[in-house]
Each structure stands twice: as C-alpha cells, then as structure tokens.
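Sequence lines, in order, name chains H and G. The first sequence: position 333 = 332 (numbering that gives the first Met the number 0), numbered continuously. The second sequence: position 23 = 22 (numbering that gives the first Met the number 0), numbered continuously. Here the structure comes first, spelled out in structure tokens, and everything after it is commentary.
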Amino acid sequence: MGTTALAHLSNTLYAFAIVAYAVAMISLGAEYAYGRRGRVARTSAVAAPEAKVLVGAGGPDVTATSDSVTPPTDDDAPRDLNLAERFGRVGVALLILGALVHAAAVSIRGASVDRVPWGNMYEFTSVACLVAVVAFLVVLIRQPKLRFLGGFVLLPVVVLMFLGGTVLYAQAEQLVPALHSYWLAIHVSAAAVGTGIFLVSSVGTILYLVRVHADKVAVAEGTEPSRVRSLGSRLPSAASLDRMAYRTVAFGFPLYTFGIICGAIWAEAAWGKYWSWDPKETWALITWVIYAAYLHARATAGWKGNKAAVINLIGFTAMIFNFFVINIVVSGLHSYAGLN
Amino acid sequence: MTTVDDDRQDPQRVDTSVGTVAVDSVDSLSTKPAPPVMPPGRRFAWAIRGWRWLTSMRTALVLLFLLALGVIPGSLLPQRSLNPQKVDTYLAAHPTLGPLMDKLSLFNVFGAPWFAAIYILLFVSLIGCLVPRIRVHARALRAQPPKAPRHFHRLPESTSYENTEAGPRELADRAAATLRRGRWRVVTRDEADGVVTVSAEKGYLRETGNLLFHIALTVLLLAVAAGRLWGYTGSIIVMDGNGFCNTVQQYDSFNPGELVSGQSIAPFCMTLNKFSATYDKDGTASSFKGDITYTEGVSGPQKHDVLQVNHPLRIEGLRLYLLGHGFAPTFTVKDPSGQVFKNVSAPFLPQDSAYSSQGAIKLPDAKPKQIAIDGLFLPTAAETQKGVLTSIWPQATAPKVAIFAYEGNLGLDSGAPQSVYSIDRDQLANGALKQVGRKNLGPNQSYKLADGTTITFTGYKEWASLQVSRDPAQTIVLIAAGCIVLGLVLSMRLRRRRLWLRATPGDPGQGEHRTVIELGGLARTDAGVFSDEFRQITTRLRDKPAEPDGED
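Dropping the structure here:
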C-alpha cells in the first residue's frame with residue numbers, strides 16, 4: 000500500500016475512533032444518568048466500615064474492605080441486567096473497540112511516514128488522547144465501579160480529537176532535520192503520556208469538586224434530591240475520586256519529569272544548550288512546578304482537599320495553555336506544530 | 000480533610016484516635032521533624048519564627064506558586080537574552096508602559112532581582128526543610144519498628160484468628176520469618192503473661208527516594224548556576240573552505256559566564272571543508288552536513304568529523320554545533336583605476352524558508368572611491384508578476400542576485416562598529432555614500448557602471464553558523480536529573496507501612512495450644528492498596544504458619 004493510501008486509511012480509522020468514543024460517551028452517560036450506580040456507590044461507602052468491623056471481630060473470612068472490590072449488591076437493584084447496565088456494558092465495549100481502532104490509526108500513521116507518529120500537533124493530540132483512554136481503562140480494571148465515569152473522560156477526549164482532526168490537522172509529512180533524532184520517540188512520547196494521564200486526573204478532580212459540593216448541599220438540605228440534582232451525589236465517594244486524581248498524578252508526574260529531562264538532553268544536542276528558556280520549556284516548567292505544588296499540598300494540613308484539587312486543575316490548565324496557546328501563538332525553538 | 004466519607008482512608012484521623020501507645024509509634028511513621036523547641040532567650044524568637052515560617056510547607060507552596068507566576072512574563076514577553084531586537088520593537092510600540100516594564104526587569108525575567116529572590120528563598124526553604132528530614136530519616140533507618148499498640152482494632156487494618164497448633168512464641172517466630180522473607184524489617188518483643196508481639200515495617204525506600212529527589216534537585220540547581228558562571232558560548236559564521244580558532248576575538252558573538260577568564264578557553268581550531276544540505280521534494284530540508292577538519296590543543300593531530308543537526312562534535316570540555324547555514328554570493332569587481340577584486344564574498348543572511356538572503360559586500364580599498372554592493376541573493380530565482388525577483392527553492396539551482404551599487408565613503412574609518420550584513424545607512428543619508436546603480440544578475444553576468452566599474456556575479460559559496468559551547472557542570476546536571484527521576488519513582492511508587500502481630504496464649508482450661516493471633520496494619524499512603532496487601536499477609540500467616548525459621 001502506498002504512503003498516501005496508508006495516511007488515508009489512518010485518517011478513516013481516526014474518524015471511526017472518534018465516532019466510537021462519542022457513542023461510548025453517550026452510552027456511559029446514559030448509564031450514569033439513569034442507572035442505580037449512585038445508590039451502589041452510596042451504600043458501598045457506608046458498607047465499608049461495617050465490613051471492617053466484621054474482620055475486626057475475628058470472622059474467618061477476610062471481607063473486602065477496599066472499594067476496589069465489587070461493592071455489596073443493593074437490595075432493590077435487580078439481579079438481571081437493567082437498561083442502564085446494558086448501556087454501561089455497551090459503552091465499555093465501544094470504548095475498547097474505539098481504543099483498538101485508535102491505536103491502529105496511530106500505528107498506520109506512523110507507518111505511512113516511516114517515523115514515530117507524534118511529529119506535529121495533530122499527531123500529538125491523537126497519541127495523548129489514546130493514552131488518556133488507555134489510562135482510564137487501567138483505572139477501570141482496578142476500580143470497575145468507576146465505569147460510568149467514562150463519559151466524563153471521553154468528553155474532553157472527543158473534543159480534543161475533533162479539534163485535532165480539524166483545526167490542528169497536518170498532512171502526513173517528513174520532519175525537519177532538527178527532529179531527526181531518537182529523542183523524538185522518547186521525549187515526545189513521555190510528554191504525550193504525561194498529558195494523557197494528567198487529563199484523566201483533571202477529570203477525576205472536577206468530579207471530586209462536584210461531589211464535595213453535592214455532599215455539602217445534601218447535608219444542608221437533609222432531603223433526597225431530585226434525579227437531576229442527584230447527579231452529583233451519585234458520583235463515587237469524594238475520597239475515591241480524590242484518590243484516583245492523586246494516583247494518576249503520582250504515576251504521571253515522574254513520567255512528565257522524565258519527559259522534560261529528555262527534552263533537555265535533546266536540546267543540548269540540537270540547540271547547543273540544555274535549557275534556553277524557550278516559551279514551551281518555560282511552560283513545561285510552570286506545569287511541573289504546579290503539579291509539584293499539588294503533590295505537596297495534598298500532604299499539607301489546610302491545603303488537602305479542595306485547595307489541592309484546585310491546584311491540580313491549575314496545573315492542567317497550564318499544560319493545555321502550553322499546548323494550544325504557546326504552540327500556535329508564540330514562536331520559539333519548539334515551533335514544529337505543523338500549522339502554517 | 001473535609002470530605003472523607005469513610006474514616007479508614009485518612010490515616011491521620013486514625014492517628015489521633017489510637018491509644019497513647021500507638022500515638023507515638025503511629026505519628027513517627029511520618030518523617031516530619033518534631034517542631035523545634037523554643038530556646039529560653041526571647042531575643043532570637045523572631046528569627047526562629049521567621050526560619051520556621053520559611054521552612055514550612057505552606058511557605059514552600061506559596062514560593063512554588065510565585066516561581067510559576069514569575070516565569071510567565073518570561074515566556075510571553077520578548078526577552079533580551081533571547082531576542083534583543085524584539086525587545087526594542089516592543090519598547091518602541093509601547094512608549095508609556097514599556098519603560099515601566101523594563102524597570103521591573105520584565106524583559107530580563109530570568110536575570111531579575113525579584114526572580115532571584117524567589118528562587119533563593121525557595122532554595123533556602125528547601126535546604127532548611129531537607130536537613131532535619133535527613134537526620135530524622137537516618138535515625139529511622141537505624142531504628143527498630145515501634146512497639147505494638149495496645150488496641151489493634153483502632154488501626155485502619157486489623158483482624159484476628161486462633162491457632163491451636165502452636166504457642167505464642169513459636170507462632171510469632173514463624174510470622175517474623177515469613178515477614179523477613181518478604182523483606183520487612185522485623186522485631187519480636189515479649190510482653191507480660193507470655194504474650195509475644197511482632198512489629199514489622201517496610202517501605203523505607205519511599206522516604207529515601209523523597210530525600211534523593213530533593214537533594215538531587217538542590218544539586219541540579221547548584222550545578223546549573225556553576226555552569227552559567229564558568230561556562231561560555233561563542234558563535235561564528237564560517238564559509239566553505241575557511242576556518243577559525245577558539246579565541247574570543249574570532250567569534251561574531253561571545254557570551255562568557257561571570258567567572259570565565261581568557262585562559263580558560265581551550266585551544267581548538269577547525270576548518271569547514273564543505274557544507275551540504277539536502278531537501279525533500281516539497282522543499283523541507285532533510286539533512287544539513289558540515290564536513291570539518293579540526294585540531295585539539297595547541298598542536299594536536301588533524302581529525303575529521305561531520306557536523307549535523309543533533310550531532311555536535313564533542314571534544315574535551317567543548318561542544319561544536321552546526322546551527323544554521325546560508326549563502327555567500329561571490330563577485331569580481333574591477334574599479335575605474337583598473338584594480339581587480341577577484342571573487343570577493345560575504346555571508347548573506349537568509350530571510351525566508353526559500354533562503355532569499357540579504358547582505359552587503361564592502362570594498363574600502365577601491366579607487367578612486369570606495370565601493371559597496373548590497374542586495375539579495377536568490378538561490379532559485381523567479382520573477383513575480385510585479386517583476387520582483389524572489390526565491391522559490393532553498394537550494395541554489397538557478398541563482399541570481401538583485402543588487403544595488405554604491406560609491407563614496409563607507410564610513411569604516413569613523414571607529415564605530417558596522418554590521419557586516421549591511422552598509423551604513425547614515426553615510427547614505429549624509430551624502431557621503433551614493434547609490435549609483437541597481438541590477439539583477441545571473442551567473443557570470445556583468446554590470447558596468449557609468450564610471451567604468453564592472454561588477455560580475457561569479458557564483459556563490461555556502462556558509463555554516465557554528466556555536467562553541469562549554470559548560471563544565473553539565474555532567475553533574477545530567478546525573479542530578481537522573482537522580483531526580485529515580486527519587487520521584489521511588490517516592491511515588493513505594494508505600495511506607497507497618498504491621499503488628501500479637502500472639503496471646505489462650506485460656507489454659509481450653510487446651511494447651513490455643514493461641515489468639517491479632518494482626519494490625521497501617522499505611523501512610525494508598526490505604527486502599529494496603530488493604531489488599533494486609534489481607535494477603537493475613538491469609539498467608541493464618542494458612543501457612545508452619546514454615547520453619549532459618550531458611551534464609
């Protein structure tokens with residue numbers, strides 16, 4: 000198959016992946032809106048200390064105390080598959096299908112140009128979104144009960160991929176000599192993986208803040224809220240959302256650090272200096288410092304909780320700013336966006 | 000924490016509710032140093048308060064934010080260190096606000112006093128926080144796991160079971176052996192009434208990693224500063240066939256660190272034999288190569304190398320980079336006195352991606368008047384609809400020049416430095432230099448001026464812009480960066496956790512071997528993951544307690 004044909008095939012698969020993600024997003028959203036998951040989440044949060052008491056009392060079976068294990072079944076949740084449950088399963092199936100097609104699109108794009116498929120903004124967006132989806136799937140394997148959060152992760156993924164395929168799109172082309180280096184494979188992939196993981200973390204953080212707010216409202220009103228109003232309180236417990244946000248950052252932060260350092264090593268070979276205060280470098284440092292602040296804040300009394308969550312979101316904003324504004328508007332040594 | 004809906008997930012909350020014995024041991028799982036005791040004298044109280052404020056986590060957080068905020072103008076406003084022309088343009092465009100911003104060092108953020116203040120405070124805060132932590136951790140590394148708390152059921156993880164096969168001592172020893180095999184640090188203690196406890200702890204590397212990260216960060220910052228002070232960069236344009244030696248005078252621009260002296264510049268000479276560039280069909284460059292010969296030291300042997308983008312030449316203490324390239328048209332000029340200047344040339348600077356290049360050639364020795372040529376070199380020339388020459392391809396496939404000729408006084412004797420890429424416009428304005436003609440020339444075409452001067456475009460040479468860099472601390476920076484990543488991975492992936500076992504002999508009336516085993520556990524972070532681990536350990540100790548000691 001010719002280079003152009005491969006590039007076309009990659010584009011088709013990319014479009015297909017967006018559609019699969021979009022439908023998965025709607026499915027998982029439907030499960031969230033109409034399902035009984037919220038009740039399960041609520042009961043599991045209450046049930047957990049009970050389980051612990053059982054263990055403490057010397058019961059021979061060591062009962063699940065972590066919410067990563069299947070929660071106890073709610074008494075009024077039907078055993079057979081209800082509609083919401085089906086939506087959820089279809090959503091996950093489509094999510095996995097989308098991820099496979101997306102991975103194929105990325106690999107074929109790489110094959111069509113015979114280099115790593117992250118040489119411009121379109122390709123970088125595609126890879127970072129794939130990482131976000133895979134990161135969410137990994138979260139899902141560990142905490143299956145977070146399934147219906149897929150809709151919230153897929154929303155930014157679908158939007159970013161749509162922007163990538165339209166505004167940021169660049170033809171499959173060879174790269175300038177400055178990018179002919181194996182560091183392209185290492186540095187940019189570390190940055191893309193970091194970006195994707197931080198994306199998942201920021202979604203968890205937003206949901207955490209929503210849940211905290213919903214808890215406050217619930218305490219203030221003391222009544223069962225309506226279905227729409229109850230969307231917030233049907234999220235997983237604030238603690239587990241906070242934990243998800245923290246764990247993803249704890250995983251992504253060393254990778255992002257590694258990415259910056261690889262960039263410095265590459266810059267030393269390509270530009271003559273390992274650090275030149277290039278705008279993109281500077282914003283990567285800003286992002287790094289903010290996520291470092293998040294990790295510290297989460298361990299500091301008076302900062303953990305809401306304040307730390309806000310810091311997490313500021314960090315993600317800085318990263319998005321770096322990607323869109325610095326790449327497109329500000330010129331610097333990193334001007335390889337592929338947009339002219 | 001405001002929002003935890005299950006207490007188990009917050010170890011700190013548990014800390015306070017555990018009995019007195021536990022409080023000591025549980026608290027010390029953190030390596031946060033105890034608050035220093037106020038000395039009796041009140042005179043230095045403010046200093047101690049200030050020091051405590053500076054080294055507190057809150058202050059570090061605020062300083063981190065200030066650092067992030069501080070570098071923002073450095074990335075969005077033009078910076079003198081990166082592009083002084085842009086700063087001048089900006090100042091010209093903003094006559095009122097510009098000078099104020101300049102006073103605030105907003106065009107030199109990374110060298111600004113306020114920026115230095117932020118990072119020095121952060122640096123001091125870091126060290127002030129680090130030193131006591133290292134002391135505490137060193138002590139923790141030598142210490143034995145703490146005594147078992149009285150009540151396990153108040154720990155985040157706890158369970159109990161009975162064993163009818165062995166006594167407390169034997170069961171405790173077996174458990175200790177199993178845990179040791181799992182690389183736990185274990186100590187067995189006897190309590191009253193034949194009760195035996197096992198205390199175990201694991202994950203010390205987490206804090207080691209944490210400290211490694213912060214120490215490496217400190218070293219990295221120091222090494223960066225050292226590199227700036229003792230390092231230098233120099234850049235120079237070298238034409239095909241020419242060369243240069245590593246002396247300050249030869250560079251077009253030279254940026255030494257504050258502590259660089261003339262002697263510290265290593266002797267080194269090089270010649271650019273041939274520069275070549277290749278391009279794809281769509282005009283994007285696919286490779287730049289500079290074929291060079293160089294000698295190290297005062298009289299080293301001649302060596303050969305090919306410089307490429309991403310592939311600098313690395314010799315003892317120096318790096319030589321190929322950063323850019325361009326064209327230098329050559330002209331043969333015959334002045335009215337009959338004097339011939341054969342193949343005179345000067346580098347022209349590329350203006351666009353198709354390498355339309357601008358520059359000037361000056362002939363101060365021409366007679367009776369000095370002669371200058373300036374204009375454009377177009378490697379692949381094409382005429383636009385308006386009849387203007389432009390270049391459409393970055394390689395020299397159909398070179399042409401569009402030149403202006405000048406005669407008069409070039410103003411080189413005035414002593415003021417002149418750009419080699421342009422003629423002095425002031426001389427033109429004051430009438431000392433006059434434009435005497437303009438012409439587009441192809442290869443070997445000549446242009447005859449009114450006074451008999453002939454200018455022949457004889458061809459072109461290529462030039463490469465090279466940079467020599469020296470940074471004596473660079474290797475340290477690299478090693479520190481590696482330690483930063485290693486430290487981060489250790490401190491992010493590992494968990495510090497403690498496990499206690501208490502074996503109590505049962506009521507003698509109910510048979511000799513009836514031992515009650517209680518287990519309790521605590522993890523500082525990632526309590527959810529620890530729950531699983533605790534369960535596995537419990538199962539292991541309960542179901543396979545009979546593994547004999549001494550295997551390892």
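Glycine residues also receive a C-beta, built at the ideal position from the N, C-alpha and C atoms. Note that this is a predicted model, so its numbers are computed, not measured.
Hey, would you say residue i sits closer than 8 Å to residue j, going by beta carbons?
{"i": "Phe376/G", "j": "Ser352/G", "result": "no"}
{"i": "Glu161/G", "j": "Gly520/G", "result": "no"}
{"i": "Gly230/G", "j": "Val467/G", "result": "no"}
{"i": "Ala404/G", "j": "Val435/G", "result": "yes"}
{"i": "Met269/G", "j": "Phe243/G", "result": "yes"}
DSSP on residue i, reduced to helix/strand/coil?
{"i": "Leu103/G", "result": "coil"}
{"i": "Leu53/H", "result": "Residue placement at Leu53/H is flagged as unreliable, the pLDDT there being 35, under the threshold of 50; a coordinate-derived value is accordingly withheld."}
{"i": "Arg7/G", "result": "Model confidence at Arg7/G stands at a pLDDT of 33, short of 50, so the residue's coordinates are unreliable; what they give is reported in the following sentence. If DSSP states are grouped into helix, strand and coil, Arg7/G belongs with the helices."}
{"i": "Pro167/G", "result": "helix"}
{"i": "Ser29/G", "result": "At Ser29/G the pLDDT is 44, less than 50, meaning the model places this residue with poor confidence; the figure from the coordinates comes in the next sentence. In this structure, Ser29/G counts as coil in the three-state DSSP scheme."}
{"i": "Gly262/H", "result": "helix"}
{"i": "Asn82/G", "result": "coil"}
{"i": "Tyr168/H", "result": "coil"}
{"i": "Gly289/G", "result": "strand"}
{"i": "Lys144/H", "result": "helix"}
{"i": "Pro300/G", "result": "coil"}
{"i": "Pro504/G", "result": "strand"}
{"i": "Thr2/H", "result": "helix"}
{"i": "Glu280/H", "result": "helix"}
{"i": "Lys215/H", "result": "helix"}
{"i": "Ile360/G", "result": "strand"}
Considering only DSSP beta bridges, list what residue i is partnered with.
{"i": "Glu406/G", "result": "Ile370/G, Lys433/G"}
{"i": "His310/G", "result": "Gln307/G"}
{"i": "Tyr459/G", "result": "Pro328/G"}
{"i": "Glu161/G", "result": "Val515/G"}
{"i": "Ile310/H", "result": "Note: Ile310/H sits in no beta bridge, so no partner."}
{"i": "Asn567/G", "result": "Chain G is shown from 0 up to 551; residue 567/G falls before or after that span and cannot be answered."}
{"i": "Val185/G", "result": "Ala199/G"}
{"i": "Tyr446/G", "result": "Ile454/G"}
{"i": "Lys399/G", "result": "Leu377/G"}
{"i": "Asn439/G", "result": "Ala401/G"}
{"i": "Ala522/G", "result": "Arg496/G"}
{"i": "Leu487/G", "result": "Paired residue(s): none; Leu487/G is not in a bridge."}
Determine the closest residue to residue i out of the options, with distance taken between C-alpha atoms.
{"i": "Leu234/H", "options": "Ala32/H, Ala14/H, Ile17/H", "result": "Ala32/H"}
{"i": "Thr281/H", "options": "Gln248/G, Ile71/G, Trp52/G", "result": "Ile71/G"}
{"i": "Arg51/G", "options": "Ser124/G, Gly386/G, Pro398/G", "result": "Ser124/G"}
{"i": "Ala244/H", "options": "Ala219/H, Phe161/H, Ile310/H", "result": "Ile310/H"}
{"i": "Asn443/G", "options": "His324/G, Tyr278/G, Ala397/G", "result": "Ala397/G"}
{"i": "Thr194/H", "options": "Ile107/H, Ser275/H, Ala134/H", "result": "Ala134/H"}
{"i": "Leu224/G", "options": "Pro504/G, Leu140/G, Val476/G, Ala171/G", "result": "First, the residue type needs correcting, since residue 224/G is Ala and not Leu in the sequence shown. For the residues Pro504/G, Leu140/G, Val476/G, Ala171/G, the minimum Cα distance to Ala224/G belongs to Val476/G."}
{"i": "Phe347/G", "options": "Tyr118/G, Ser418/G, Asp87/G", "result": "Ser418/G"}
{"i": "Ala327/G", "options": "Gly97/G, Val343/G, Ile117/G", "result": "Val343/G"}
{"i": "Pro155/H", "options": "Ala291/H, Val202/H, Ala317/H", "result": "Val202/H"}
Would you kindly work out how many angstroms separate the C-alpha atoms of residue i and residue j, rounded to a whole number?
{"i": "Lys438/G", "j": "Tyr446/G", "result": "7 Å"}
{"i": "His150/G", "j": "Arg494/G", "result": "23 Å"}
{"i": "Glu49/H", "j": "Thr204/H", "result": "For Glu49/H, the pLDDT reaches just 36, beneath the cut-off of 50, and the residue's location in the model is therefore unreliable, leaving the point undetermined."}
{"i": "Phe267/G", "j": "Lys288/G", "result": "20 Å"}
{"i": "Ser65/H", "j": "Arg173/G", "result": "Confidence at Ser65/H is low in this model, with a pLDDT of 39, below 50, so the placement of that residue should be treated as unreliable; the coordinate-derived value is given next. Approximately 28 Å between the Cα atoms of the pair."}
{"i": "Asp364/G", "j": "Val332/G", "result": "12 Å"}
{"i": "Ala199/G", "j": "Glu532/G", "result": "14 Å"}
{"i": "Ser330/H", "j": "Pro116/H", "result": "23 Å"}
{"i": "Pro83/G", "j": "Tyr89/G", "result": "10 Å"}
{"i": "Ala111/G", "j": "Pro253/H", "result": "30 Å"}
{"i": "Gln535/G", "j": "Val528/G", "result": "11 Å"}
{"i": "Ser239/H", "j": "Arg85/H", "result": "24 Å"}
{"i": "Ala14/H", "j": "Gly164/H", "result": "8 Å"}
{"i": "Asn309/G", "j": "Gln394/G", "result": "21 Å"}
{"i": "Asp334/G", "j": "Thr453/G", "result": "7 Å"}
{"i": "Pro94/G", "j": "Leu432/G", "result": "33 Å"}
{"i": "Leu500/G", "j": "Ile313/H", "result": "44 Å"}
Beta-carbon of residue i versus every beta-carbon of chain A: anything under 8 Å?
{"i": "Gly271/H", "result": "In the structure shown, chain A cannot be found, because the protein chains are H and G."}
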